[in-house]
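What follows is a set of notes on a single structure, which appears directly below.
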Amino acid sequence: ALIHAATMVTAGVYMVARTYSIFIESPDAMLVVAVVGAVTAIVAATIAITQYDIKRVVAYSTVSQLGFMIFALGVGAWVAAIFHLMTHAFFKGLLFLGSGSVIHGMHEEQDMRRMGGLKKYMPITYWTFLIAAAANAGIFPQAGFWSKDEILVGAYLGHSYVIMTIGFIAAFFTSLYMFRVVFMTFHGKERFDTSQLHPHESPMAMALPLVVLGVLAAVAGFAGFPPEAGWIHDFLHPVFALAEEHHITLTETLIFAGLSTAVALGGLAVAYLAYMKQSPAFDPNQWSARVPWAYSLLYNKWYFDEIYQATIVRPLHWISTVVLWQIVDVRIIDGIVNGVASSMNFTSGQLRKVQTGFVANYALAIALGAVIIVGVFFIFASDLFV
Numbered sequence: 001a002l003i004h005a006a007t008m009v010t011a012g013v014y015m016v017a018r019t020y021s022i023f024i025e026s027p028d029a030m031l032v033v034a035v036v037g038a039v040t041a042i043v044a045a046t047i048a049i050t051q052y053d054i055k056r057v058v059a060y061s062t063v064s065q066l067g068f069m070i071f072a073l074g075v076g077a078w079v080a081a082i083f084h085l086m087t088h089a090f091f092k093g094l095l096f097l098g099s100g101s102v103i104h105g106m107h108e109e110q111d112m113r114r115m116g117g118l119k120k121y122m123p124i125t126y127w128t129f130l131i132a133a134a135a136n137a138g139i140f141p142q143a144g145f146w147s148k149d150e151i152l153v154g155a156y157l158g159h160s161y162v163i164m165t166i167g168f169i170a171a172f173f174t175s176l177y178m179f180r181v182v183f184m185t186f187h188g189k190e191r192f193d194t195s196q197l198h199p200h201e202s203p204m205a206m207a208l209p210l211v212v213l214g215v216l217a218a219v220a221g222f223a224g225f226p227p228e229a230g231w232i233h234d235f236l237h238p239v240f241a242l243a244e245e246h247h248i249t250l251t252e253t254l255i256f257a258g259l260s261t262a263v264a265l266g267g268l269a270v271a272y273l274a275y276m277k278q279s280p281a282f283d284p285n286q287w288s289a290r291v292p293w294a295y296s297l298l299y300n301k302w303y304f305d306e307i308y309q310a311t312i313v314r315p316l317h318w319i320s321t322v323v324l325w326q327i328v329d330v331r332i333i334d335g336i337v338n339g340v341a342s343s344m345n346f347t348s349g350q351l352r353k354v355q356t357g358f359v360a361n362y363a364l365a366i367a368l369g370a371v372i373i374v375g376v377f378f379i380f381a382s383d384l385f386v
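Using the numbering used here, read the sequence shown as starting at 1 and increasing by one per residue.
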């Protein structure tokens, strides 16, 4: 949970932030960073809404939130990006731990289609997971609300209106897939054999970290309150001293807070209608039947795995098998080694023929050698070489 929420996965975000003085000198580089981040945020969010593995949903959620951080850096919202990195550590770590608690309580089951109704079996896991889901979705006043709102404000102040719009859409999908997980996992009827499977709450050693992270996921956002003047802003101001400062009016702040909340609540409402009320207008099965190509695209993760296989894995496999192994390794390297061994074997075989075993032959060879040595001596000692 720690690695996937706050350390390894956010190393790239931290690196770009620390080298901001380089990026800030190139508007084109900043644009590339913003576009890559925005595309990552929306693509990963759309993938997450079709996955059924609870841990995989949280994993793609992490990819999407990293996209938010990257596009924040790209639009110049440096403090907002690091602020979101900080809050993300708490609620995403909690989501991973909560998923692990569910998997443990369900005896290694990870498919949400075989869950349901776990709220009464795992109350601590449920309430802490709900807090983390609300924070990830940007529901007021959880931690994710403050940092994600600042990212969207940063896009607005940077006049990156297309990026900002993509951010709002990604925020909607974020709320949708997070509450989809909550409703499919903890609410509704049990979709498993209760006579065979007995879910249970995790032991205190696992539940206590959930509670601690739940508190932090709820209150960490206040490190950025009031907006643009909170503790986190004062802490990071010396680091980003070269960055251009933008200011937003109270009215604009309230408008963005309202829009961000409305988008998050909209995603929650759609998830509720689809997975709790099972409204025909929002039935996911009907929508997947209406637009099967779209469902297939998202369920298969935009076919990124297939693209990687076709463009990277299979070509590299062919190069390593045919070129590096069969040609370079077998024919060239092994050929040189085996060729040296063969030549030495041939030479030794020819030299062996000199050893006839007859003393007369050895005496003749010695005599010829002596004559050659004496002849060479007299030639070099003559006047020709004086």
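We put the CB at the ideal spot given by N, CA and C, even for glycine. Predicted model only: the values in this text are computed from it and were never measured.
Exposure label - residue i; buried when at least 16 CB within 10 Å
| i | result |
| --- | --- |
| W146 | buried |
| H107 | exposed |
| A170 | buried |
| N345 | exposed |
| P27 | exposed |
| P203 | exposed |
| I366 | exposed |
| A205 | exposed |
| F358 | exposed |
| T356 | exposed |
| E150 | buried |
| S101 | buried |
Residues bridged to residue i (per DSSP)
| i | result |
| --- | --- |
| D53 | D111 |
Cα-Cα separation between residue i and residue j, rounded to whole angstroms
| i | j | result |
| --- | --- | --- |
| L316 | V32 | 28 Å |
| G74 | Y295 | 30 Å |
| L324 | W318 | 9 Å |
| M207 | T125 | The sequence given here has Ala at residue 207, not Met. Each residue's Cα considered, the two are about 7 Å apart. |
| Y20 | T185 | 41 Å |
| A137 | I307 | 30 Å |
| I22 | Y177 | 36 Å |
| K119 | V181 | 12 Å |
| L273 | L265 | 12 Å |
| Q286 | A135 | 30 Å |
| V212 | Y299 | 34 Å |
| H4 | I312 | 25 Å |
| V215 | Q326 | 59 Å |
| I103 | G76 | 40 Å |
| V36 | N338 | 51 Å |
| Y14 | I248 | 25 Å |
| A34 | K55 | 27 Å |
| A370 | I336 | 39 Å |
| F140 | F304 | 34 Å |
| G154 | A72 | 7 Å |
| A360 | D334 | 43 Å |
| H233 | T87 | 14 Å |
Nearest to residue i (by Cα), restricted to the options the options
| i | options | result |
| --- | --- | --- |
| G221 | I42, F90 and V374 | F90 |
| I42 | P292, G167 and K119 | G167 |
| P123 | E201, A381 and L250 | E201 |
| Q278 | G158, L152 and F183 | F183 |
| A48 | E109, L297, W231 and R191 | L297 |
| V57 | M30, S175, A11 and I24 | S175 |
| K301 | T50, L2 and A360 | T50 |
| F173 | A133, L254 and P199 | A133 |
| A11 | L85, A34 and Q196 | L85 |
| G144 | A205, K55 and T261 | T261 |
| T194 | I255, V215, G105 and T128 | G105 |
| K92 | P238, P280, K353 and A6 | A6 |
| L152 | V219, E252 and F129 | E252 |
| I70 | T128, A38 and I332 | A38 |
Same chain only: Cβ atoms within 6 Å of residue i, ignoring 5 sequence neighbours per side
| i | result |
| --- | --- |
| F179 | L268 and A271 |
| D111 | Y52 |
| L197 | none |
| V263 | F168, A171 and F172 |
Contacts around residue i, its chain only, beta-carbon distance under 8 Å, and the 5 residues preceding and following it disregarded
| i | result |
| --- | --- |
| G188 | G116, G117, Y275 and M276 |
Residues of its chain near residue i, where Cβ-Cβ distance is below 7 Å and the 5 sequence neighbours each way are ignored
| i | result |
| --- | --- |
| P292 | none |
| A44 | Y60, V63, S64 and G67 |
| G341 | One detail in the question is off: residue 341 reads as Ala in this sequence, not Gly. Here the set comprises nothing. |
| P209 | L97 |
| R191 | R113, R114, M115 and G116 |
| F387 | For the chain, the structure presents residues 1 to 386; residue 387 sits outside this window and is missing. |
| I82 | A17 and L236 |
| F225 | W146 |
| H159 | none |
| P284 | A274 |
| T347 | none |
Residue i beta carbon near the ligand COA (any heavy atom closer than 6 Å)
| i | result |
| --- | --- |
| A264 | This structure lacks the ligand COA; in fact it carries no ligand of any kind. |
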